[in-house]
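Heads up: the protein sequence lines correspond to chains A and B, in order. In terms of the working numbering, the first sequence opens at residue 1 and continues consecutively. In terms of the working numbering, the second sequence opens at residue 363 and continues consecutively. Heads up, the beta-carbon is just placed ideally off N, CA and C, and yes, glycines get one too. Only one structure is covered here, and it is reproduced in the block below.
2 protein chains.
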Amino acid sequence: MNNKIYFTPGPSELYPTVPQHMQTALQEKIGSISHRSKQFQEVYAHAVAGLRQLLQLPANYEVLFLASATEVWERAIQNNVQQESFHLTNGSFSERFFETAQELGRKAQKYAAPFGEGFDVEKISVPGTAELVALIQNETSSGASIPVEDINRFREKAAPEALIYVDAVSSLPYPAFDFDKVDAVYFSVQKCFGLPAGLGVWLLNERCIAKAEALAASGQVIGSYHSLPSLLSKAKVNQTVETPNVLAIYLLGKVLEDMNSKGVAEIRKETKAKADHIYAYLEQSTAFAPAVKHPAHRSPTTIVANTTVPASEVNKQLAAFDMAIGSGYGKHKETQIRIANFPAHSPQQVEALVAKLNELFG
Amino acid sequence: MNNKIYFTPGPSELYPTVPQHMQTALQEKIGSISHRSKQFQEVYAHAVAGLRQLLQLPANYEVLFLASATEVWERAIQNNVQQESFHLTNGSFSERFFETAQELGRKAQKYAAPFGEGFDVEKISVPGTAELVALIQNETSSGASIPVEDINRFREKAAPEALIYVDAVSSLPYPAFDFDKVDAVYFSVQKCFGLPAGLGVWLLNERCIAKAEALAASGQVIGSYHSLPSLLSKAKVNQTVETPNVLAIYLLGKVLEDMNSKGVAEIRKETKAKADHIYAYLEQSTAFAPAVKHPAHRSPTTIVANTTVPASEVNKQLAAFDMAIGSGYGKHKETQIRIANFPAHSPQQVEALVAKLNELFG
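Listed below in structure tokens is the structure:
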């Protein structure tokens, strides 16, 4: 029996109801049902409806299930970029999206902020030739985030036909996006949705679809089974092209039910309160300090701190109390810690973590 | 509580030990561990070792985890074909691989046998320009299969540098392949491995890797995160590029442990005996008849029969006895039935199904 509480930035603690939903899934033999059956279509529709409700998603948005957010990067470039994309980068994941565009033969440009810094949006000008503008709302590697009001300013900065993509992999459902100001948002279920990994979710509007159709009509290869037209042809009948991770779609629908019962406003309020509590501790700690300087750019969901105690030592000491946090990302592995503050983490668990960090390290 | 036994051709009945392994996974919080942790590397290595043992995979083969077998089609074409592929087709899935090559801009040629027929390998000549030869060892849509000795003859039919790909999505571990005579084999876990869907497995040798590297060196775009070099860079350290379906990799390792305890020889023997039992019934049934005429081309794992009773009616009557079979594929939906004969289906379950079919339909 593993009693550890995982404050790792994803995979992370499962949403508390997941074990019970998994029991039900086993009893109902969800792992055995055909992905072409009516029962599966209901499972699929339930998950989509739950998402639409939680995120207050407008009717002009489609919901697509992919294998990972990493896959979304590739499909986005293939389907929505003929020649040129533009990326805001300030950490490993935003950089990876930029590199993906290059690997796929596109001209990719970037506006780079140092690792761990946010963006002064005022200073950024978007090339008029950029077909896709990649915004990193929450950089999981560095803990820097972009406030929604700053996201909303890119529509006027970019060319009218440019598609604005938002990486909310480790923040949704916390940010209350204005979906009219952006064109696509994507996330992974193993972060704030508290599910086992293996599903990426791509929300996108009719402008993204039209662009993919136009590229295909011009003779560009936009992929095979996961081209946007192919994905949409099945999504419209509540199915997927390939046999998908059925269990994950089922669990997502069930957890969304629980989240909607609680209400997104309450989830956001609680997330904010827990983040405030963690940051308040980090501000006065003698061992740790918030890695992101500007408070407005600090992520409420993936909280990163510089540490004077090596991250591995912090985790070693926490392990004795059945707690785990994330180490820093890449070359920051030992000099930073990352604390996930997801809806699965209760206020009591967060308080216990902060108290223990304070007791052990000051 | 759902007590139905699923003889559907995948997703299908879970391997009997899966519910217990899922309990252990929940207790050990496998859904929360980091995909960059040592614990995950052990889970990954365990699954790979189990596969190597069960399939007696030579050392020059690599094991890669993708999201689905459908994904393997796309990655195979991107990484192993510059201009031309050649496909044996005799059903919906082999046809889909052929179409994938076309969608990705390759010149694809095919040797097509009618739906539900096997191949007279003697008659097939492989174009000398084909870089990839796609063999459909087991066509899930039609129940036609290619005996391993016929598979083995393609090495001499194809150009020496051609890569021979084998679709064993719904048959492995039944066929005892000679891995020296082919270059890549792929399958899905929701078929004969009795797992929830959401993982495709790609076995490939060093010739496939060299070809991908050569194509990349020539300037061809071979994909991004799931290009072969990218996949291999992580596989070598028992990790994946993206956050994968961790739970599925864990469960695969556990089920492989169980299968190896039983032994692949016993699994194959039992599969053969169950298949013989089903076909013997179909041969003498007044309602059903084997859809594949030539006995040597009949799949032992996905058994298809023509039916005089509409498939939906067959299933409706079976449902009263907690049994489900597959309907026919595509336009054969009502005129054929498909019966999965996977390792998860016990001899007793198969006997009960055959007895019930006989009782209900003659």
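Straight-line gap, residue i to residue j (C-alpha atoms, nearest Å)
i, j, result
"ALA574 (chain B)", "ASN152 (chain A)", "42 Å"
"LEU466 (chain B)", "SER224 (chain A)", "7 Å"
"PRO606 (chain B)", "ALA409 (chain B)", "14 Å"
"ALA265 (chain A)", "GLN53 (chain A)", "12 Å"
"VAL241 (chain A)", "ALA475 (chain B)", "25 Å"
"PRO76 (chain A)", "ILE701 (chain B)", "First, the residue type needs correcting, since residue 76 (chain A) is Ala and not Pro in the sequence shown. Taking the straight line from one Cα to the other gives about 39 Å."
"LEU561 (chain B)", "ALA470 (chain B)", "26 Å"
"ASN365 (chain B)", "GLN78 (chain A)", "44 Å"
"ILE136 (chain A)", "PHE179 (chain A)", "15 Å"
"ASP482 (chain B)", "SER504 (chain B)", "16 Å"
"PHE459 (chain B)", "PRO535 (chain B)", "21 Å"
"PHE115 (chain A)", "ASN90 (chain A)", "5 Å"
"ILE526 (chain B)", "TYR281 (chain A)", "60 Å"
"ILE5 (chain A)", "ARG468 (chain B)", "50 Å"
"MET363 (chain B)", "ALA25 (chain A)", "10 Å"
"GLU461 (chain B)", "LEU376 (chain B)", "31 Å"
"LYS519 (chain B)", "VAL425 (chain B)", "26 Å"
"LYS400 (chain B)", "TYR406 (chain B)", "10 Å"
"ILE629 (chain B)", "VAL716 (chain B)", "20 Å"
"ARG517 (chain B)", "SER550 (chain B)", "25 Å"
"ASN341 (chain A)", "GLU313 (chain A)", "21 Å"
"ILE9 (chain A)", "THR308 (chain A)", "The sequence shown places Pro at residue 9 (chain A), rather than the Ile named in the question. Distance between the alpha carbons of PRO9 (chain A) and THR308 (chain A) is about 20 Å."
"GLN389 (chain B)", "GLN403 (chain B)", "19 Å"
"LYS269 (chain A)", "ALA176 (chain A)", "12 Å"
"LEU613 (chain B)", "CYS554 (chain B)", "14 Å"
Reduced DSSP secondary structure (H/G/I, E/B, other) of residue i
i, result
"GLN374 (chain A)", "This structure cannot speak to residue 374 (chain A), because chain A is shown only from 1 to 362."
"ALA506 (chain B)", "strand"
"TYR377 (chain B)", "coil"
"ARG298 (chain A)", "strand"
"MET259 (chain A)", "helix"
"MET1 (chain A)", "coil"
"ALA112 (chain A)", "strand"
"GLN418 (chain B)", "coil"
"GLN336 (chain A)", "strand"
"PRO347 (chain A)", "helix"
"TYR281 (chain A)", "helix"
"THR633 (chain B)", "helix"
"THR432 (chain B)", "helix"
"PHE7 (chain A)", "strand"
"GLY692 (chain B)", "helix"
"VAL126 (chain A)", "coil"
"ALA521 (chain B)", "coil"
"ALA320 (chain A)", "coil"
"THR602 (chain B)", "coil"
"TYR225 (chain A)", "coil"
"ASP529 (chain B)", "strand"
"ILE687 (chain B)", "strand"
"ILE395 (chain B)", "coil"
"LYS181 (chain A)", "coil"
"GLU28 (chain A)", "coil"
"LYS38 (chain A)", "helix"
"GLN440 (chain B)", "helix"
Rounded distance between the beta-carbons of residue j and residue i, thought under 8 Å
i, j, result
"PRO271 (chain A)", "THR140 (chain A)", "Residue identity check: residue 271 (chain A) is Thr in the sequence provided, not Pro. No, THR271 (chain A) and THR140 (chain A) are not in contact; Cβ-Cβ is about 15 Å, not under 8 Å."
"VAL510 (chain B)", "ALA431 (chain B)", "VAL510 (chain B) to ALA431 (chain B), Cβ: 19 Å. No contact."
"LEU557 (chain B)", "ALA610 (chain B)", "6 Å"
"LEU256 (chain A)", "LEU51 (chain A)", "6 Å"
"ILE30 (chain A)", "VAL246 (chain A)", "6 Å"
"LEU190 (chain A)", "ALA197 (chain A)", "Before going on, a small fix: residue 190 (chain A) reads as Gln here, not Leu. That belief holds up - the Cβ atoms of GLN190 (chain A) and ALA197 (chain A) are roughly 4 Å apart, short of 8 Å."
"ALA651 (chain B)", "ALA673 (chain B)", "Contact doesn't hold; Cβ gap of about 14 Å is too wide."
"ALA496 (chain B)", "LEU450 (chain B)", "7 Å"
"HIS588 (chain B)", "LEU428 (chain B)", "7 Å"
"GLN82 (chain A)", "GLU131 (chain A)", "6 Å"
"SER94 (chain A)", "ARG298 (chain A)", "Incorrect: roughly 16 Å between the Cβ atoms, too far for contact."
Residue(s) in a DSSP beta bridge with residue i
i, result
"TRP202 (chain A)", "A:LEU64 and A:TYR186"
"TYR612 (chain B)", "Partner(s): none; TYR612 (chain B) has no beta bridge."
"GLU446 (chain B)", "B:LYS469"
"LEU172 (chain A)", "None, per the DSSP bridge assignment."
"GLY556 (chain B)", "Answer is none; GLY556 (chain B) lacks a bridge partner."
"THR669 (chain B)", "B:PHE650"
"VAL725 (chain B)", "What is shown of chain B runs 363 to 724, which leaves residue 725 (chain B) out entirely."
"LEU577 (chain B)", "None; LEU577 (chain B) has no bridge partner."
"LEU132 (chain A)", "A:SER85 and A:LEU163"
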